[in-house]
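Asks: The opening residue of the sequence shown carries number 3 in this note's numbering; numbering runs sequentially from there.
Beta carbons: idealized from backbone N, C-alpha and C, even for Gly.
Here the structure is a predicted model, which is why all the values come from computation and not from measurement.
Before we start, here is the structure in question, set down as structure tokens.
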Amino acid sequence: MREVTALGAAYLAGLAVGYWQNLDELQEKAVIEREFRPGIETTERNYRYSGWKKAVKRAMAWEDHDK
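See the structure below:
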């Protein structure tokens, strides 16, 4: 399954209305098709993630020229 946001929302809704009794019942039905494992070392991943966070912070500080 490529995208699971909608599935998660459906699970939460089902739990809220009592369709499923608890998380254990949901886990019994779960099927893992494929598991993602990072292909880079933790140090490299953290370095890249840090750079990404800096870029996002800078982008959020851009001026809004439409105002």
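Would you check if the distance between the CB atom of Arg50 and the CB atom of Pro40 is smaller than 8 Å?
Replies: no
Asks: Just how far apart, CA to CA, sit Ala12 and Val6?
Replies: 10 Å
Asks: How big is the Cα-Cα spacing for Leu72 and Ala61?
Replies: In the structure as shown, the chain begins at 3 and stops at 69. Residue 72 is therefore absent and cannot be evaluated.
Asks: So, with DSSP's three-state summary, where would you put Gly16?
Replies: Per DSSP, reduced to three states, the secondary structure at Gly16 is helical.
Asks: Could you spell out the range, first to last residue, of the alpha helix (DSSP H) harbouring Gln23?
Replies: Element bounds for Gln23: n/a, residue is neither H nor E.
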